[in-house]
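S.K.:
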Amino acid sequence: MGKKKDGEKKTTYVYILDQEFAWRPAILDDQKGDKAFCTVPQYADEQSMISDGGRSAKKGEEVVIDLKQYPHKVLPLQNVDSNGNLIEFPDMVKLPYLHEAGILYNLKARHKNGKPYTRTGDIIIAVNPFQWFTDLYTEQKRTYYSNKLVWESNEKDPRDSLDPHVYEVSALSYKGLAFGLQDQSILVSGESGAGKTETVKIAMNHMASVQRGYIKMDPFGHMEEGSNTLDPVVERVVESNPLLEAFGNASTRRNDNSSRFGKYLQLQFDNKNASAVGMISISNSNCKLAGSKCDVYLLEKNRVITHDPKERTYHIFYQLLAASDGDKAGYWDKLKGKKAEDFKYVMKSPLEKIEKMTDLQHYEHTVKTLALVGVSGDKLRTLFRAIAAVIQAGNLTFGAKGGDKDKSEITSTKEAADMAELLGVKTDDVALAFTERTMKTKTETYKVPLSESNAKEACDAFAKEVYGKVFLWVVKQINAATRAEDNYKDGTQTDFGIVGLLDIFGFESFVRNRFDQLCINYANEKLQQKFTEDVFRAVQLEYEAEGIALAEIKYDDNTDVLDLIEGRTGLLAMLNEECIRPKGSDMDFVQKALAQNKNSPCLIVNKTDRKSFGIHHYAGKVMYDSVGFVSSNQDLLPTDLEELMHKADNEIVNKKVEEDTPEPSGGGGGRRGGPPKRQKSNLVGATVWGKYKTQLASLMSNLRKTNSRYIRCVKPNMAKKPVLMEHVATVEQLRCAGVVAAVTLARSAFPNRLDNSAVRFRYSSMWDKSAYPSEKTQSMSHEEALKCDANAILLCALREHTYTNKEGELKQAFVVGKTKSFFRAGALEFLESNRATGLDGQACTIQKYARGFLTRKLLRDMVKGRAEAEKAAREAKLKAEREALEKAAREKAERDAKRKEERKQYEDKIKELKRKMEEAEEERMQKLEELKAKKAAAEKVIEELREQTGEEARKALMEPKKLAAQQNKKLAEQTKLIDFLKKENKKIRKDNDKVKSKYDVVKANNEKLINANERTGDDFEDLNESTAKVHSKNEELTSTLEKAKKDNKRLKDECMKKQDEYMGQAETRLEYQKTMARILNMIQDKSKDPQLVEDTVCVALECESEAKSIMAALEAETGEGL
1 MGKKKDGEKK TTYVYILDQE FAWRPAILDD QKGDKAFCTV PQYADEQSMI
51 SDGGRSAKKG EEVVIDLKQY PHKVLPLQNV DSNGNLIEFP DMVKLPYLHE
101 AGILYNLKAR HKNGKPYTRT GDIIIAVNPF QWFTDLYTEQ KRTYYSNKLV
151 WESNEKDPRD SLDPHVYEVS ALSYKGLAFG LQDQSILVSG ESGAGKTETV
201 KIAMNHMASV QRGYIKMDPF GHMEEGSNTL DPVVERVVES NPLLEAFGNA
251 STRRNDNSSR FGKYLQLQFD NKNASAVGMI SISNSNCKLA GSKCDVYLLE
301 KNRVITHDPK ERTYHIFYQL LAASDGDKAG YWDKLKGKKA EDFKYVMKSP
351 LEKIEKMTDL QHYEHTVKTL ALVGVSGDKL RTLFRAIAAV IQAGNLTFGA
401 KGGDKDKSEI TSTKEAADMA ELLGVKTDDV ALAFTERTMK TKTETYKVPL
451 SESNAKEACD AFAKEVYGKV FLWVVKQINA ATRAEDNYKD GTQTDFGIVG
501 LLDIFGFESF VRNRFDQLCI NYANEKLQQK FTEDVFRAVQ LEYEAEGIAL
551 AEIKYDDNTD VLDLIEGRTG LLAMLNEECI RPKGSDMDFV QKALAQNKNS
601 PCLIVNKTDR KSFGIHHYAG KVMYDSVGFV SSNQDLLPTD LEELMHKADN
651 EIVNKKVEED TPEPSGGGGG RRGGPPKRQK SNLVGATVWG KYKTQLASLM
701 SNLRKTNSRY IRCVKPNMAK KPVLMEHVAT VEQLRCAGVV AAVTLARSAF
751 PNRLDNSAVR FRYSSMWDKS AYPSEKTQSM SHEEALKCDA NAILLCALRE
801 HTYTNKEGEL KQAFVVGKTK SFFRAGALEF LESNRATGLD GQACTIQKYA
851 RGFLTRKLLR DMVKGRAEAE KAAREAKLKA EREALEKAAR EKAERDAKRK
901 EERKQYEDKI KELKRKMEEA EEERMQKLEE LKAKKAAAEK VIEELREQTG
951 EEARKALMEP KKLAAQQNKK LAEQTKLIDF LKKENKKIRK DNDKVKSKYD
1001 VVKANNEKLI NANERTGDDF EDLNESTAKV HSKNEELTST LEKAKKDNKR
1051 LKDECMKKQD EYMGQAETRL EYQKTMARIL NMIQDKSKDP QLVEDTVCVA
1101 LECESEAKSI MAALEAETGE GL
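Residue numbers (the UniProt record's numbering): 1 to 1122.
1. Compute the Euclidean distance between the alpha carbons of Gly808 and Phe269, then round it to the nearest angstrom.
2. Looking only at DSSP bridge pairs, what is Asp270 linked to?
3. Would you mind listing the beta strand (DSSP E) stretches within the stretch 807-862 that are 3+ residues and don't spill past its ends, in chain order?
4. Keeping to the same chain, check which residues put their C-beta closer than 6 Å to that of Ser170; ignore five residues upstream and five downstream.
5. With a 10 Å radius around its C-beta and 16 neighbouring C-beta atoms as the bar for buried, classify Asn756 as buried or exposed.
6. State the CB to CB distance for the pair Val373 and Ile478, rounded to an integer number of angstroms; the pair is presumed to be in contact (CB under 8 Å).
7. Are His362 and Ala246 touching if we call contact CB-CB under 9 Å?
8. Answer with buried or exposed for His617, where buried requires no fewer than 16 other C-beta atoms within 10 angstroms of its C-beta.
9. Distance check for Ala322 and Glu364, CA to CA, integer angstroms please.
10. Between which two residues does the beta strand (DSSP E) carrying Ser153 extend?
11. For the stretch 108-186, which segments carrying the alpha helix (DSSP H) assignment without a break, of at least 4 residues, lie completely within its bounds, in sequence order?
12. Taking its Cβ as the centre, do 16 or more other Cβ atoms sit within 10 Å of Gln131, making it buried, or is it exposed?
13. Whose C-beta lies closer than 7 Å to the C-beta of Leu810 among residues of the same chain, with five residues either side of it excluded?
14. Report all residues from its chain with a CB closer than 8 Å to the CB of Lys344; omit the five preceding and five following residues, and keep chain order.
15. Our contact map puts Val200 next to Val188 with C-beta atoms below 8 Å; I'd like the distance itself, whole angstroms only.
16. For Pro675, is the classification buried or exposed, using 16 other Cβ atoms within 10 angstroms of its Cβ as the cut-off for buried?
17. Which of the three DSSP states is assigned to Asn83 in this structure?
18. Grab the span of the beta strand (DSSP E) containing Cys713 for me, first residue to last.
19. Indicate the three-state DSSP secondary structure (helix, strand or coil) for Ala956 in the structure shown.
20. Cβ of Gly620 within 8 Å of any heavy atom in the ligand NAD?
21. What does the alpha-carbon distance come out to for the pair Phe823 and Ala813?
22. Leaving out the 5 sequence neighbours to the left and right, which residues in its chain are closer than 8 Å to Ala420 when beta-carbon positions are compared?
23. Distance, Cα to Cα, Glu508 vs Tyr624?
24. For Tyr692, which three-state DSSP category applies?
25. Helix, strand or coil: which one does DSSP assign to Asp404?
26. Give me the residue from Pro76, Gly506 and Gly121 with the minimum Cα distance to Lys94.
27. Since Met207 is in the alpha helix (DSSP H), which residue starts that stretch and which ends it?
28. Just confirm the distance between the C-beta atoms of Val127 and Leu107, as a whole number of angstroms; I'd bet it's less than 8 Å.
29. With three or more beta-carbon pairs closer than 8 Å as the criterion, would you say the stretch 107-117 touches the stretch 690-710?
30. In three-state DSSP terms, what is Glu20?
31. Following the continuous alpha helix (DSSP H) through Tyr363, name the residue where it begins and the one where it ends.
32. Taking 7 Å as the limit between beta carbons, can you name the residues of its chain near Leu572, skipping five residues before and five after?
33. Using CA coordinates, which residue listed in Pro773, Ala737, Ile615 and Leu432 is at the minimum distance from Glu642?
34. Do Leu450 and Glu465 have their CB atoms nearer than 9 Å?
35. Is the stretch 779-793 touching the stretch 760-770, taking contact as three or more C-beta pairs under 8 Å?
36. So, helix, strand or coil for Tyr15, using DSSP?
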């Protein structure tokens, strides 16, 4: 894998595009024209895919790459060492090869190593680790970053000695405000589940910490006592954020605590003393947190009435219904005993805990925080009754009135009565407001009944409007409690420094994109415009610091996209026009927008769907479905529902709550007064997009007056698992967050850069000093000399890459700055792939000096130190021999002692074996005596059986013929049994003789073993082997005895069994004979056929003759036996 040609060429590690994994590591083997021949390591899975030169891969696959798919027809190089291992960079600006693939694999390596934060210049990329690293967020860590970045003096950039962290953004923002006296802003973006909300909380908490000033720490990192307390103003500011989460956050498939609104939180600081003094004391901060105010954008109202079964609506609903019955009854007595599943808008929660806390625990914290901002008692009851009215609306049901589908009525009368009770109105007012619509003309006013579906839509619209009022009311209460203008120094100060925290929805692109997605992406386009300006400014500063002409920078902004959306004939104007036009439709809006903007390069026409259109956003193409655009933009509530709200006795419901439009201001002072604004034409009514555009314009105006810092949050995988990173999803988020665009801008002219010292070290082998001499002089500084050397080296190495531009100017493939060298696309890749050229000459030079050194050293040894060396060698040899002899003697003594110990052990074992053999012999003799006794008993039984059988045989001879046959048969059987027993007895005797013989052999062997042991004491191994044989023989003898016992018992049982069988057969045969006699008598008496009688008699006689012959034979055998 990745073969080298005999050291002629260095291995080149690259990345290649892959549809499944975005970018894959590969090894460039060869390149011919527009084709590259690569070896692609085959890793086990996506997670194990790393830049390691393919060592952890199973195998490599040879592929051919079309270079036309890559910028400048060059494969992006890996940031690896000489062994192909990835070099991890905490600041990706320092990546030698800064491109999309390099960013991806650097982030992946840090994510895998438990480092969620990575720096890209002034941008922090926060990869959600899906686990909490306690050591990263301790009070000691917050203080450490504050001291290092704000309160301690540093000659160099203090970030160089610190790992990237959110704390550095918050600390530097505070420093910029306190020292630079310029308002700051922190822009946090990312998709749902990327960790934006948590990042904002971390930054805000650190801001509250850093404003306390310098805190001394002991050598062990511990702070002074009492340094961790917050004053009441700061506490209200810090606690206000979780309160917003309760009312504006919900659980989604992507995130358990997802913000469903955008917010711009402005932390207000009193830096009046700092501006007066002009500096800040390290020991005492003059810039103090005085308060905060929050602006909110685009609350997702649809989530009030519907949500995915695996998601949740807003947290506050579940918190209220999880409260104790006593609390619920205090708000509304009919909430007592109710659960989430009792309300259709809410339903049962799919989660038991959010951020390790139950809904009841969150409820208690929410009530406590509401009290902190002044919402308690009657205010709290009013708030929760308004929330109860929202969820109660979901339980109203409608049906056709009197069977007429064009009319409707509320079928859930009890629910309607409860709704009326909550609002403090009549039940009829509720019924009419939801089922009728008031229409007004110039001359008259009349009612129009609503259908069942329209009535339900009206009910849903009412619920969304009421919750929108609740949310804005809560925001106003928070602002009233935290605004510095009202609460700091009794409201006597109006000018404050600002550090803004923007937490807004990231760029969105779904299968079906609606009006909400267009609004969200419009906001992201505005923010991307500012982001591009800030990145350009950072690049401009870097180029100026390095002495490089700014004319080299070229980049594309998104002005054309913004013109398409908010221009005079753009989408916003066309949509607003369609909203005020009678019978305006979504299709007409699309067709007018396409016609008016047909020349826009950013507009995409969908030829298969007239209600669809697309936009080339900075993050990619997005297709929009215009269904519902007009109705979503109108933001009109029917008069009947407005009147119902006005009649309500709940002050949140009956009052009109407007969204705060942030005023453009420089210092964030919230100055009051000013000249009256010119009234707008009322030809165009207020629309959602119009209000949103005004909010965004004000927001962007405020942001442009601040020094902005960026945190880009990334969700590494959709499964929300630690360590895992999905390449495609991560790359898409990097593009949507503008990180890739920032890289493209930052390196538009010179995508790669190296320190001048690294250039001289790496590429000096390609330098022909005679043809391209360096211009350095003795009087130059070290940096100036490095610059001259680097320029000469690159002029020589890249002489073939010089080109002429369109203006006829000669352009080099590089520019050498004061400390760094900048390379155009493809130049650094060329240097890396060819820097091995010329190394053979340098190798010869090294060999020359090495061989000379070795030869001179040898000569010195021969002339001066040969004798001493030989003497030292002899002494060393004698010493080694002496040590060897001592070691041998020591080892011999150890062996003798060990052998003596072993001999003693063997003697003990032999004594033990003798004892066991004697015990075995005693046991064997005892068992042999028992066997002899059993044998005698068996012989006695056999003798008694023989005598009994003979007596019975004699008696049988004296009986009549009928009994004789029976007795003779029985005698024959018994005789056979006796013979069988005789034979078995002989076998037992033979076995006994064998046992005796084996015992004699064993006994003889034992005697030989004992004698041998007495004669010889050294041959322990032979003795042990003989003992083992004796033991084996003894075991064999014991086994034979046991087998003989079992055989004897078995034979005895078989004898008894056979005897029983023979007796049964004899009785059976006797019965046969009796039966034959009866048959013969019956035939003789009753048969009239003389021939039959004769044949029968012959058969009977033959049987009798046969029986006699058998009887005679038995008698003969019995006589012999007796």
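The C-beta atom is built at its ideal place from N, Cα and C for all residues, glycine as well.
M.R.: If we stick to the structure as given:
1. Within the sequence shown, the letter at position 808 stands for residue 808. Within the sequence shown, the letter at position 269 stands for residue 269. Distance between the alpha carbons of Gly808 and Phe269 is about 55 Å.
2. For the purposes of this step, residue 270 is taken as the residue at position 270 of the sequence shown. Bridge partners of Asp270: Lys288.
3. 814-816 and 820-823
4. Taking the first residue of the sequence shown as 1, we reach residue 170 at position 170. If we look at Ser170 and ignore the five residues flanking it on each side, its Cβ neighbours are Ala203, His206 and Met207.
5. For the purposes of this step, residue 756 is taken as residue 756 along the sequence shown, with counting starting at 1. Flag for Asn756 reads buried.
6. The residue given as residue 373 occupies position 373 in the sequence shown. The residue given as residue 478 occupies position 478 in the sequence shown. Yes, they are in contact, since the Cβ atoms of Val373 and Ile478 sit about 5 Å apart, within 8 Å.
7. Within the sequence shown, residue 362 is the residue found at index 362, counting from 1. Within the sequence shown, residue 246 is the residue found at index 246, counting from 1. Contact flag set, yes.
8. In the sequence shown, counting from the first residue as 1, residue 617 sits at position 617. The residue in question, His617, is buried, as its Cβ has 16 or more Cβ neighbours within 10 Å.
9. Within the sequence shown, the letter at position 364 stands for residue 364. Within the sequence shown, the letter at position 322 stands for residue 322. The straight-line gap from Cα to Cα measures roughly 10 Å.
10. In the sequence shown, the residue the question calls residue 153 occupies position 153. Taken as a continuous stretch (DSSP letters only), Ser153 belongs to no beta strand (DSSP E), as it is neither H nor E.
11. 139-146 and 166-178
12. As a first step, residue 131 must be located in the sequence shown, where it is residue number 131. Exposed, because fewer than 16 other Cβ atoms sit within 10 Å of the Cβ of Gln131.
13. Working through the sequence shown from its first residue, we reach residue 810 at position 810. Hits under 7 Å: Thr802 and Thr804.
14. As a first step, residue 344 must be located in the sequence shown, where it is residue number 344. If we look at Lys344 and ignore the five residues flanking it on each side, its Cβ neighbours are Gly394 and Asn395.
15. Reading the sequence shown from its first residue, position 200 is the one you call residue 200. Reading the sequence shown from its first residue, position 188 is the one you call residue 188. Yes, they are in contact, since the Cβ atoms of Val200 and Val188 sit about 6 Å apart, within 8 Å.
16. Within the sequence shown, numbered from 1, the residue matching residue 675 stands at position 675. At Pro675 the pLDDT is 45, less than 50, meaning the model places this residue with poor confidence and gives no usable figure here.
17. As a first step, residue 83 must be located in the sequence shown, where it is residue number 83. Coil at Asn83, not helix or strand.
18. The residue given as residue 713 occupies position 713 in the sequence shown. Its beta strand (DSSP E) spans residues Asn707 to Val714.
19. If you number the sequence shown from 1, residue 956 lands on position 956. Its pLDDT being 49, under 50, Ala956 is placed unreliably in this model, and the value from its coordinates should be taken loosely. Ala956: helix per DSSP, three-state reduction.
20. Among the components modelled here there is no ligand, and therefore nothing to report on the ligand NAD.
21. Here residue 823 is taken as the residue at index 823 of the sequence shown, counted from 1. Here residue 813 is taken as the residue at index 813 of the sequence shown, counted from 1. So the alpha carbons of these two residues sit roughly 6 Å apart.
22. The residue labelled residue 420 in the question sits at position 420 within the sequence shown. Excluding residues within five positions, the ones whose Cβ falls inside 8 Å are Lys426, Thr427, Asp429 and Val430.
23. As a first step, residue 508 must be located in the sequence shown, where it is residue number 508. As a first step, residue 624 must be located in the sequence shown, where it is residue number 624. Going from the Cα of Glu508 to the Cα of Tyr624 covers about 11 Å.
24. In the sequence shown, residue 692 corresponds to position 692, counting from 1. Looking at Tyr692 - three-state DSSP - the assignment turns out to be helix.
25. Here the question's residue 404 lines up with position 404 in the sequence shown. Strand.
26. Reading the sequence shown from its first residue, position 94 is the one you call residue 94. Cα-wise, what sits closest to Lys94 is Gly121.
27. In the sequence shown, counting from the first residue as 1, residue 207 sits at position 207. Element bounds for Met207: Lys196 to Val210.
28. Looking up residue 127 in the sequence shown gives position 127. Looking up residue 107 in the sequence shown gives position 107. Right, the Cβ-Cβ distance comes to about 6 Å (below 8 Å), so this counts as a contact.
29. no
30. Position 20 of the sequence shown holds residue 20. Three-state DSSP puts Glu20 in coil, outside helix and strand.
31. As a working note, residue 363 is residue 363 in the sequence shown. It spans Asp359 to Leu372 - the alpha helix (DSSP H) in which Tyr363 sits, taken as one unbroken run.
32. By 1-based counting over the sequence shown, the position of residue 572 is 572. Counting only Cβ-Cβ distances below 7 Å, and skipping sequence neighbours, we find Ile565, Glu566, Trp689 and Lys693.
33. The count along the sequence shown starts at 1 and reaches residue 642 at position 642. That would be Leu432, whose Cα lies nearest to the Cα of Glu642.
34. One-based indexing of the sequence shown puts residue 450 at position 450. One-based indexing of the sequence shown puts residue 465 at position 465. Not closer than 9 Å, so no.
35. yes
36. For this step, residue 15 is matched to residue 15 along the sequence shown. Note: Tyr15 maps to strand in three-state DSSP.
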